[in-house]
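Residue numbers (my numbering), protein chains in the order written: chain G, 2 to 280; chain P, 631 to 1072. Even for Gly, the Cβ is constructed at its ideal location relative to N, Cα and C. This report concerns only the one structure given below.
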């Protein structure tokens, strides 16, 4: 049966034409996607002493620092919500986003030997890089669980909406990651842009504070940062709706994420054909 | 017979920029170049049609038309830079062609490098699965062939050891073993035999023959002419990106490859005209075969004349580990021998000095048979780096030997065998004859 199918397989390579079966090819190479993610997960904490604990320690320390600076020293308001939980609910999606787009952005360069020697839809590489950071994200979510148990602050039915915001976060990371990955192949400058965005983004996103502190007339403008929608959504879903959702902002953020993702895929696919020539 | 691969009018061009020091483009350069160009336009509007910079279009392959029937095993040969690897990369969809069209019937697996995607931290077992997936093998197939792969690679004991602890031989065997168990309709292989020891190469060749005998289409690039002759049913000769010869008579194509360098390029002398192989330790400037007085020899040479290999180069920095040498390849592409100026006792080495330095070495008389030879320059920093690597990337010249094989009336023509040395013979009275003699003395 399999042989019959293969007999019919005709591949046409033509100048200036994009791959006709691209999405089918991605489906065919789904095992490679799985294996690349598996490889990176296996290798990520090899030869480290505390191993997987790194996934917890980094966000945990960031949360401690933010709680002390913003909560205690700057005395930013957090309403009825314990400040650490307010920070944690934002720090987790932010750290996921930051490491996901950075890993995706550098993933092509890191796998240059594969790109110059084997064919497969290149989209698999940044996508699998995001899977790896997603695993880190799930592990670090234990911090939030711990904090919630400690403060006796448990989420309600709104938690069901959380996966939706996770999807938006993944979309944002993949969208930016694809742009950066494709640009990085040709212009290595973007290697330096990536940590810059990660560092800068932390302060322009509502991680250490609630976005309700932003004056009303600026909030829509503020939502141009796609992470504003994601973080507000996370807080709304996790904190029993005590952080109300600013709908125009959320819609704008989400629309921008969709735009980023689609343009990222289009740009990536256009650049993909010449990756092997530049890398 | 059905066609497996049909290539029509295929071409691939690269835009190369001269004086380019970096291997990648930096945005900074694009921006500064763009600004310069803009400024130029503003200030010199009349010069608009001037060609920009030193950009040059370079066709790695062009006008390739080729039809490969199913089950044919095609050897693709040609000098370095002839476009062999580019052709394979286009066929394996790694890079896109600039023009033309290829139609492929069947599943292609390409092996452009042994061990692509191996991760040093992962164990042998894990790497088998990873590498299999990279080469496009479904997991079920890998599982089914797992034992065969391990057995072929002979690494049973080290399956759960990270491959970074493997010896290079084990690593190669494992990598090749995974690839050898692919079952594609069309197999594309690039120069995998260049690595590894004789035993490994023999194993690879055997496996490739086995794959070929099952009726699969094979495209095989190699500099090892003996391997091409053994495996392939037809051969394609590429030169400067175009097809020079294509025939089912593999030895004929190989002969053409080995000889056209000598006749067409007349290359008994290599001159460094474009600043290639630049390094502080030794930049080769001139490499040629000459007579004792240093003049370049022309045409076919007798086997009994004194011929010298001359290597002239620029030394900016004295490096004690510098090794100058050459390698001789025969017509079938087989390496006959290497020679380096550091082969003798250290006190007898020819000293190198700063500036322009000429090394010379006499080719052994009456060693080479009649025929065509390629002589590759080898320059290395001992155990550190090849500056010119024979057979891989180096200047080379051709030499034709004809006549002068021996002074014997019984031997005047080319002999069988790669070499035709005239060796001394002695005779003495045998011990049995001598024994009564010695008895009588005592």
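Item                                                                                                                                                                                  : Value
Beta-carbon of residue 114 of chain G versus every beta-carbon of chain B: anything under 8 Å?                                                                                        : Judged by its chain identifiers, the structure shown contains no chain B, and its protein chains are G and P.
Between the C-alpha atoms of residue 1044 of chain P and residue 1050 of chain P, what's the straight-line distance to the nearest angstrom?                                          : 8 Å
Secondary structure at residue 143 of chain G, three-state DSSP: helix, strand or coil?                                                                                               : helix
Let me make sure I understand the geometry here. Which of P:754, P:762, P:770 and P:1033 has the alpha-carbon closest to that of residue 786 of chain P?                              : P:754
Could one say the Cβ of residue 108 of chain G lies closer than 8 Å to chain P's Cβ atoms, at least one of them?                                                                      : no
Can we say the stretch 961-977 of chain P touches the stretch 919-926 of chain P, given the rule of at least three CB pairs closer than 8 Å?                                          : no
Spell out the partners DSSP gives residue 1015 of chain P in its beta bridges.                                                                                                        : P:1011
Assuming contact is defined by CB atoms lying nearer than 8 Å, are residue 730 of chain P and residue 638 of chain P in contact in what I supplied?                                   : yes
For the 8 Å Cβ check, are there 3 or more pairs between the stretch 185-196 of chain G and the stretch 216-225 of chain G?                                                            : no
So the candidates are P:693, P:712, P:951 and P:660; which of them puts its Cα closest to the Cα of residue 1017 of chain P?                                                          : P:951
Anyone know if the C-beta pair for residue 818 of chain P and residue 738 of chain P falls short of 8 Å?                                                                              : yes
Quick check: the Cα distance between residue 80 of chain G and residue 67 of chain G, rounded to an integer number of angstroms?                                                      : 16 Å
Please confirm if residue 644 of chain P has its CB atom under 8 Å from at least one CB of chain G.                                                                                   : yes
For chain G, check one thing: does any of its Cβ atoms lie closer than 8 Å to the Cβ of residue 656 of chain P?                                                                       : yes
Going by the beta-carbon positions, is the gap between residue 810 of chain P and residue 744 of chain P smaller than 8 Å?                                                            : no
I believe residue 233 of chain G touches residue 212 of chain G by the beta-carbon criterion, under 8 Å. Please report the beta-carbon distance rounded to the nearest angstrom.      : 6 Å
With 16 as the cutoff for other CB atoms within 10 Å, does residue 1013 of chain P come out buried or exposed?                                                                        : exposed
With a threshold of 6 Å on Cβ separation, who are the neighbours of residue 941 of chain P within its own chain once the five nearest residues in sequence on each side are excluded? : 917, 954 and 989
Which of helix, strand or coil does DSSP assign to residue 1022 of chain P?                                                                                                           : coil
Could one say the Cβ of residue 1054 of chain P lies closer than 8 Å to chain G's Cβ atoms, at least one of them?                                                                     : no
Beta-carbon within less than 7 Å of residue 38 of chain G's beta-carbon, same chain only, minus the 5 sequence neighbours each way: which residues are those?                         : 129, 132 and 133
Which of the three DSSP states, helix, strand or coil, is assigned to residue 163 of chain G?                                                                                         : helix
In terms of alpha-carbon separation, which member of G:276, G:161 and G:210 lies closest to residue 73 of chain G?                                                                    : G:210
Between which two residues does the alpha helix (DSSP H) holding residue 237 of chain G run?                                                                                          : 227-239
What are the residues of the stretch 21-39 of chain G that lie near chain P, defined by any Cβ-Cβ distance shorter than 7 Å?                                                          : 32, 33 and 36
Please compile the residues from chain G whose C-beta is within a distance smaller than 9 Å of the C-beta of residue 797 of chain P.                                                  : Near residue 797 of chain P there are no residues of chain G at all, since even the closest Cβ is about 21 Å away, more than 9 Å.
Output the boundary residues of the beta strand (DSSP E) element that contains residue 714 of chain P.                                                                                : Here residue 714 of chain P belongs to no beta strand (DSSP E); instead the alpha helix (DSSP H) covers 714-721.
Using only alpha-carbon positions, find the residue among G:47, G:118, G:86 and G:126 that is nearest to residue 208 of chain G.                                                      : G:86
Under 8 Å, CB to CB, which of the residues in the stretch 718-739 of chain P have a partner in chain G?                                                                               : 719, 720, 721, 722, 723, 724, 725, 726, 727, 728, 729, 730, 731, 732, 733, 734, 735, 736, 737 and 738
Rounded to whole angstroms, how far is the Cβ of residue 127 of chain G from the Cβ of residue 175 of chain G, which I believe are closer than 8 Å?                                   : 7 Å
Per the DSSP calculation, residue 698 of chain P is bridged to which residue(s)?                                                                                                      : P:635
Just confirm the distance between the C-beta atoms of residue 124 of chain G and residue 269 of chain G, as a whole number of angstroms; I'd bet it's less than 8 Å.                  : 6 Å
So, is the C-beta of residue 602 of chain P closer than 8 Å to a C-beta in chain G?                                                                                                   : The displayed coordinates of chain P run from 631 to 1072. Any statement about residue 602 of chain P would go beyond what the structure contains.
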